[in-house]
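*Asks:* Structure provided below as structure tokens; questions to follow.
4 protein chains.
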Amino acid sequence: MSKNTFGNALKITLFGESHGDMIGAVVDGLTPGVTVDAAVIDHQLSLRRPQGGISTSRREKDAWQIVSGVFEGKTTGTPLCLLIPNADTHSRDYMPGIARPGHADYTAQCKYHGYQDYRGGGHFSGRITAALVAVGGILLPALQQRGIEIGTHIACCAGIDDVPLDAAYMGEETVLREQLRALNTQGFPVLDAAAGERMRAAIETARAEGDSVGGVLESAIVGLPAGLGEPWFDSLESQLAHALFSIPAVKGVSFGEGFAISALRGREANDAFRMQGERVVTETNHNGGINGGISNGMPVTFRCAVKPTPSIYIEQPTVDYYNQKEETVVGKGRHDPCIVHRARVVVDSMSAIVVADALLQRYGNDALRAE
Amino acid sequence: MSKNTFGNALKITLFGESHGDMIGAVVDGLTPGVTVDAAVIDHQLSLRRPQGGISTSRREKDAWQIVSGVFEGKTTGTPLCLLIPNADTHSRDYMPGIARPGHADYTAQCKYHGYQDYRGGGHFSGRITAALVAVGGILLPALQQRGIEIGTHIACCAGIDDVPLDAAYMGEETVLREQLRALNTQGFPVLDAAAGERMRAAIETARAEGDSVGGVLESAIVGLPAGLGEPWFDSLESQLAHALFSIPAVKGVSFGEGFAISALRGREANDAFRMQGERVVTETNHNGGINGGISNGMPVTFRCAVKPTPSIYIEQPTVDYYNQKEETVVGKGRHDPCIVHRARVVVDSMSAIVVADALLQRYGNDALRAE
Amino acid sequence: MSKNTFGNALKITLFGESHGDMIGAVVDGLTPGVTVDAAVIDHQLSLRRPQGGISTSRREKDAWQIVSGVFEGKTTGTPLCLLIPNADTHSRDYMPGIARPGHADYTAQCKYHGYQDYRGGGHFSGRITAALVAVGGILLPALQQRGIEIGTHIACCAGIDDVPLDAAYMGEETVLREQLRALNTQGFPVLDAAAGERMRAAIETARAEGDSVGGVLESAIVGLPAGLGEPWFDSLESQLAHALFSIPAVKGVSFGEGFAISALRGREANDAFRMQGERVVTETNHNGGINGGISNGMPVTFRCAVKPTPSIYIEQPTVDYYNQKEETVVGKGRHDPCIVHRARVVVDSMSAIVVADALLQRYGNDALRAE
Amino acid sequence: MSKNTFGNALKITLFGESHGDMIGAVVDGLTPGVTVDAAVIDHQLSLRRPQGGISTSRREKDAWQIVSGVFEGKTTGTPLCLLIPNADTHSRDYMPGIARPGHADYTAQCKYHGYQDYRGGGHFSGRITAALVAVGGILLPALQQRGIEIGTHIACCAGIDDVPLDAAYMGEETVLREQLRALNTQGFPVLDAAAGERMRAAIETARAEGDSVGGVLESAIVGLPAGLGEPWFDSLESQLAHALFSIPAVKGVSFGEGFAISALRGREANDAFRMQGERVVTETNHNGGINGGISNGMPVTFRCAVKPTPSIYIEQPTVDYYNQKEETVVGKGRHDPCIVHRARVVVDSMSAIVVADALLQRYGNDALRAE
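Chains as they are written, first to last, in our numbering: chain A, -1 to 369; chain B, -1 to 369; chain C, -1 to 369; chain D, -1 to 369.
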């Protein structure tokens, strides 16, 4: 694992630039015989697609194509390459040399010495996540067949809170599964519809001001077997955080109670074990389903802090790094005033990748096939 | 990279159990010619050692020994193996089969099927971090010679706040370097001594009640060149978080403003660029020195949430997983009522490992040698 | 590194099936600013293309396309994805369930449980090497700009010997570079044209009999700096052999004198060092430019044994693994009576990948850019 | 995998120098519950130990110690660290700056810039293989419990041939298993005792002349399930060759008929499939049990060419690379006139590592436990 490839038994390699010919991903190590359902991939991509009023006006139809690794509708077990052509690009909106604050323009220059494709953020663009989402559309149903469900809601957006995913912290699996399934049908996933309306309104306000907002995503993985992860370095938290922090705009990741756990006493933070029939469960789930870096069979819960989109239509001071002089910049092009709701399905795809990899490491190459 | 080995160009492999013969680490990929200074290693280990009143009474002298990879006081460039014998162990305090809440006993059972060394937490014990800290004692001076300094303070403990590391967020490098150096001499590192006293008192109170407390560590890396990290998967945030989340008790990691950034507007969160002589800098540092996953030359800042130590002397309900029945457990043995101050030097060692690896990837095998 | 991804600092991921939509490769870790010359890629692909009389009649125009990682004719440093559509496929010639002797049909069944794309050998097909060859067309000129040249001749085919690449073993660099350049223009690369004619005639004889022949390729890498490779596991020989043994039909790899060195005495096998101006060189080069797994600055030389193509038009006993019964099979479809000459450019591409990776590990991310 | 760490699901890290304090290995990814039998480890080390008359007079008792990863006689599943102290060292026999021909002295200087431990070959010494052999002593019995047996004989030494391991090429498994077991009891493993006597005499003659000899080892792995290995890059041949070429003095590796297969016709080289009861087998085994990079269930066979030991007591021209001038050198210290017989058990250990890794990748983390 390193650079643009992630995973151990399952490996994902990403490629593409925002305004290049195509973006895509190669997935290696997949169990042979996994069903590839175009409708699910399309649905996942639809959850990532811009939404009128609260999103960019760039419209990509995401006409994905799998060119290898699938035969007669099922994975072969050899590398699967998925391609998505870029169609709706406006490259003239981008000026090389001007570092947009909060963006990767300047750091790309430092790393790539001016050879980077600067158009639309190039390889740093959120556009690349479309390939990840399509991969999620293959992995998520395979996990679901093994009883593992994944979902995310907008816990907070523009300072407005959704109700928390309490079932995950109380180990109410049946309720939790229903909540996750409901969220997976929503383009703007919230548990409390009224809170969602207020969030949308706040996004539109920010947009009207040329500004942007951020938020917090809260996720749960239910049905994970106990015993996944490693004591050191490859703890399940390490692997999930590694994947999640590569999503553009994520600046914080926490598990279970997260930062709030640091203010508890030990007797409050510990999750007491008890028997539920023949199964060992915990009374509470402050530790987010992970003890010592390894899954304990309870729902794995985590939160991602998403910063406000850096692309804004307000003049900001910056530098022209070609000419080493100060400049100002004001956003051009088409941008999202908020990406929190769109990032949700990227988070779920990353979770699916990490979980699938952990299963394949633990149970071997055929671990993803339905019994 | 995977399992108990971490890193790309620099690889660290950890081994050992709390009550086994020895713990240790192998470090591979080190630049040849790096000075190994026993006094620095001893100092770093002293920062991790238990402190009277607020720590466990286990006393390990940490008589480390390097058995390979160092010749005439300098690294050879071949794998360095560092060993630390365990001396002060009380194994009879541990009962197999009883899952201590908040600990890895049960998850270890799920992963290792009863073959794990259960004594003192075995391979999951914080004891193993002594080897990481000793490795930090080799890497940190080598980084310092290249102008890179790393340090951490207790931003919050038992709900009591230290003053923030403001210099890091305002890019005042000279002030920040002085603060980090001062912190690196303190066994209980705070910027505000009075806050530190209140924290210590709170730890002693928790101890008296048989309970434990947690906290938040805030770190800075200053002097990092711009251009380290990868756009996807191996973002600098991903690599740091991967390492940090494998430290026992860390349940949250955030960069720059962290979770608070999610409540800002874009125009507040963006860090405007400006020229400082010939150097590009940012006015503010809300993004913690990282844009698009790549260092921008400003101080890298991050926070780790540390949960309260799970070992407490209060009766808790749990299960006996050998006999599949419910039980109660009350802490025996010697435990820390707080590990936040001791974890600090582990965090710095992890940072040093990630930064050294990033430099070696970027500049090649000789990147750690002083000019 | 693992599965279908190879390399450390430079990573190559292969995908595609013989009769699928496209084959291709993703190359990650490339130095930004490397020139991509379509004419060189086309030339390299032409060396791999079937030749009338001694090759298959499948005709692929290899209309490659780079969809990411190249901007304005130079590498960006982000992942480069190269695609080659499959055009001329005759899938009906392949019967699932019948294991062609010497082929991967049966082992694919054991690994992929019947989900593999069996048409034309699927992912095991030599067709996939076209992507490797195209990648070689990017790396080889970059290496040449750093003074590193790579080439291969047919040391033996159908039992007929070419003259050996003596200049490589005597350290005559100027002569060797000329020989390699000349070989790189030949579709059937030999030093002795008359021997080449006899080899071609032997291939045509085998073809007429429905049979096939093999051979030995001898390669040299000249201009490699001393100091590349690792003492254990990642010796330069290990890395080259790893790559070379994944070329279909390669069943042996040896360095320097190869198996013949085992019959020498120590005083014969040792290569005496001497000064050549300020440079340390060896008098002879029995060790093929590698001591202790690390390059010594002399030409790196190696040989690959290529087995006769398993596809023959002669009836052979085999099994039907679907029905668990014995069967006979006779070759259908279009096949090569010899692939030795076509495999040559695959060997050179593999060498280029390993050498480029070693340089990037040793000298860092910008190691492939011309000064 | 890279540098001094090898493997995917099973990872081996080597460390140590010939005249340092200790050598050793860390093994990560082992199935928990594997029995560790000191007598087997001792036996394996005894096969590597120098033999009077035909070996060095350095006498190491190989007092190995396992300091982690084993509890109550069984592997825990966490990293196992095995240490072997160096005892019998004569460091004054080594002069820094003088490059011994055929050795790594000069290449170590190029890579490590003079910081390497030059004494006794340092990290390049065959001494390090003792740790690999001890690891083999853990893995080989675990594989044997799953029906997988591994063994090697001296196919050729000093130009004298043993009889070939015919049973491996004819698929006579019962005979082959008996032969391998017999070989594993011999310090100088040959099938034809008379040939062995002639080889020993030839080694003694070379020794008397201050010279050295090489040879060829032929190995077989029997009982391997079909379906291990990957189509590209991580073919079973690639993985074995990678490991084998990191053994000092190995200059060639071939599978099945090896280089001789290149002179066969396709109809001779192909191994016809047939049914043996319900099992698919091949009539012959020219391909050494591997098709398309993947095991086919037949014995895996391979040969390693071992060069004559470079340490000889004959004056040789060389250079002093400290002073950039020509010199002569004559062997001092205690050296082997032949290491072929000692290298045998290193080859078997490497095979065990590769096979165990392949099983763990294929079948998951518990693959090495006896049913």
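Quick reminder that beta carbons are idealized off the backbone N, C-alpha and C, glycines included.
Touch check for the region 248 to 257 of chain D and the region 57 to 70 of chain C: three-plus C-beta pairs under 8 Å?
*Replies:* Too few Cβ pairs lie closer than 8 Å, so no.
*Asks:* Assuming residue 109/A is part of the alpha helix (DSSP H), what are its boundary residues?
*Replies:* By one-based count along the first sequence, residue 109/A stands at place 111. Here the alpha helix (DSSP H) through residue 109/A covers 103 to 110.
*Asks:* If you reduce the DSSP assignment to three classes, tell me which class residue 66/C lands in.
*Replies:* Against the third sequence, residue 66/C aligns to sequence position 68. The answer is strand: DSSP assigns residue 66/C an E or B state.
*Asks:* Can you check whether the CB of residue 362/B is closer than 8 Å to the CB of residue 293/B?
*Replies:* Position 295 of the second sequence, counted from the start, is the residue given in the question as residue 293/B. Position 364 of the second sequence, counted from the start, is the residue given in the question as residue 362/B. Taking 8 Å as the Cβ cut-off, residue 293/B and residue 362/B do not qualify as a contacting pair.
*Asks:* If we call anything under 8 Å between Cβ atoms a contact, is residue 72/B one with residue 31/B?
*Replies:* For the purposes of this step, residue 72/B is identified with residue 74 of the second sequence, where counting begins at 1. For the purposes of this step, residue 31/B is identified with residue 33 of the second sequence, where counting begins at 1. Taking 8 Å as the Cβ cut-off, residue 72/B and residue 31/B qualify as a contacting pair.
*Asks:* Give me whichever residues DSSP pairs with residue 280/B in a beta bridge.
*Replies:* Residue numbering aside, residue 280/B sits at position 282 when the second sequence is read from its first letter. Looking at the DSSP assignment, residue 280/B forms a beta bridge with 271/B.
*Asks:* What residue does the alpha helix (DSSP H) around residue 341/C start on, and which one ends it?
*Replies:* Within the third sequence, residue 341/C is the residue found at index 343, counting from 1. Where residue 341/C is concerned, the enclosing alpha helix (DSSP H) stretches over 338 to 361.
*Asks:* By Cβ distance below 8 Å, which residues in the same chain neighbour residue 229/A in space, the five residues on each side in sequence not counted?
*Replies:* Counted from its first residue, the first sequence places residue 229/A at position 231. So the qualifying residues of the chain are 290, 291 and 292.
*Asks:* Can you tell me whether residue 15/A is buried or exposed? The criterion is at least 16 other CB atoms within 10 Å of its CB, across all chains shown.
*Replies:* Along the first sequence, one-based indexing puts residue 15/A at 17. So residue 15/A counts as buried.
*Asks:* Hey, out of 278/C, 104/C and 26/C, whose CA is closest to residue 277/D's CA?
*Replies:* Taking the first residue of the fourth sequence as position 1, residue 277/D is located at position 279. Residue 277/D has its Cα closest to that of 104/C, out of 278/C, 104/C and 26/C.
*Asks:* For residue 372/D and residue 129/B, what's the separation of their Cα atoms in angstroms?
*Replies:* Because chain D spans -1 through 369 in this model, residue 372/D falls outside it and cannot be assessed.
*Asks:* Residue range of the alpha helix (DSSP H) that residue 134/C falls in?
*Replies:* To locate residue 134/C, count along the third sequence from 1; it is residue 136. Where residue 134/C is concerned, the enclosing alpha helix (DSSP H) stretches over 127 to 143.
*Asks:* With 7 Å as the limit, tell me which residues of the region 44 to 70 of chain C have their beta carbon closer than that to any beta carbon of chain A; keep them in chain order.
*Replies:* So the list reads 65, 66, 67 and 69, given in the order they occur along the chain.
*Asks:* Output, in sequence order along the chain, the residues in the region 92 to 113 of chain C whose CB is closer than 7 Å to any CB in chain D.
*Replies:* Under the 7 Å Cβ criterion, the region 92 to 113 of chain C contributes 97, 99, 100, 101, 102, 104, 105, 106, 108 and 109.
*Asks:* Quick one: what does DSSP say residue 90/D is sitting in, helix, strand or coil?
*Replies:* Reading the fourth sequence from its first residue, position 92 is the one you call residue 90/D. Note: residue 90/D maps to helix in three-state DSSP.
*Asks:* Whose Cβ in chain A lies nearer than 7 Å to the Cβ of residue 361/D?
*Replies:* Walking along the fourth sequence from the start, residue 361/D turns up at place 363. The contacting residues are 362.
*Asks:* Who are the Cβ neighbours of residue 161/A in its own chain at under 6 Å, not counting the five residues just before and after it?
*Replies:* Position 163 of the first sequence, counted from the start, is the residue given in the question as residue 161/A. The residues are 189 and 190.
*Asks:* Residue 97/A and residue 316/A: beta carbons closer than 8 Å?
*Replies:* Position 99 of the first sequence, counting from 1, holds the residue named residue 97/A. Position 318 of the first sequence, counting from 1, holds the residue named residue 316/A. It is a contact, given that the beta carbons lie within the stated cut-off.
*Asks:* How would you call residue 198/A, buried or exposed, if buried means at least 16 neighbouring beta carbons within 10 angstroms?
*Replies:* On the first sequence, residue 198/A is found 200 positions in, with the first residue counted as 1. By the 10 Å Cβ count, residue 198/A comes out buried.
*Asks:* What's the C-alpha gap between residue 133/C and residue 347/C?
*Replies:* Position 135 of the third sequence holds residue 133/C. Position 349 of the third sequence holds residue 347/C. For residue 133/C and residue 347/C, the distance between alpha carbons rounds to 7 Å.
*Asks:* What is the residue span of the beta strand (DSSP E) that residue 314/B lies within?
*Replies:* Stepping through the second sequence from its first residue, residue 314/B is reached at position 316. Note, residue 314/B: beta strand (DSSP E), 314 to 318.
*Asks:* Answer yes or no: does any C-beta atom of chain C fall closer than 8 Å to that of residue 185/D?
*Replies:* For the purposes of this step, residue 185/D is identified with residue 187 of the fourth sequence, where counting begins at 1. For residue 185/D, the answer is no, since every Cβ of chain C falls outside 8 Å of its Cβ.
*Asks:* Cutting at 8 Å between CB atoms, please list the residues of its own chain near residue -1/B, excluding the five before and the five after it.
*Replies:* Position 1 of the second sequence, counting from 1, holds the residue named residue -1/B. Bear in mind that a pLDDT of 45 at residue -1/B, under 50, signals an unreliable position, so the model cannot answer this.
*Asks:* Could you tell me the alpha carbon to alpha carbon distance between residue 146/A and residue 266/A, rounded to whole angstroms?
*Replies:* What you label residue 146/A is simply residue 148 of the first sequence in a count that begins at 1. What you label residue 266/A is simply residue 268 of the first sequence in a count that begins at 1. Answer to the nearest angstrom: the Cα atoms are 28 Å apart.
*Asks:* Residue 248/C bridges to which residues according to DSSP?
*Replies:* Against the third sequence, residue 248/C aligns to sequence position 250. In DSSP, residue 248/C forms a bridge with 304/C.
*Asks:* Taking the CB atoms as reference points, tell me whether residue 78/B and residue 28/B lie closer together than 8 Å.
*Replies:* Against the second sequence, residue 78/B aligns to sequence position 80. Against the second sequence, residue 28/B aligns to sequence position 30. Yes.
*Asks:* Report yes or no: is there a C-beta of chain A within less than 8 Å of the C-beta of residue 276/C?
*Replies:* Translated into the one-based positions of the third sequence, residue 276/C becomes position 278. For residue 276/C, the answer is no, since every Cβ of chain A falls outside 8 Å of its Cβ.
*Asks:* For the region 179 to 187 of chain B against the region 260 to 274 of chain B, are there 3 or more C-beta pairs whose distance is under 8 Å?
*Replies:* No, the region 179 to 187 of chain B is not in contact with the region 260 to 274 of chain B.
*Asks:* Cβ closer than 7 Å: which chain C residues qualify as neighbours of residue 225/D?
*Replies:* One-based indexing of the fourth sequence puts residue 225/D at position 227. Ordered by position in chain C, the residues that pass the 7 Å Cβ test against residue 225/D are 105, 108 and 109.
*Asks:* Across which residues does DSSP place residue 168/B in a beta bridge pair?
*Replies:* In the second sequence, the residue the question calls residue 168/B occupies position 170. DSSP output for residue 168/B lists no bridge partner at all.
*Asks:* May I ask you to verify whether the region 294 to 303 of chain D touches the region 205 to 225 of chain D, counting CB pairs closer than 8 Å and requiring at least 3?
*Replies:* Output reads yes: the region 205 to 225 of chain D touches the region 294 to 303 of chain D.
*Asks:* Please list the partners that residue 229/D has in chain A, where partner means a Cβ-to-Cβ separation under 7 Å.
*Replies:* Position 231 of the fourth sequence, counting from 1, holds the residue named residue 229/D. Here the neighbours are 76.
*Asks:* Return the residue from the list 282/C, 365/C and 322/C that minimises the CA-CA distance to residue 94/C.
*Replies:* Position 96 of the third sequence, counted from the start, is the residue given in the question as residue 94/C. The shortest Cα separation from residue 94/C among 282/C, 365/C and 322/C belongs to 322/C.
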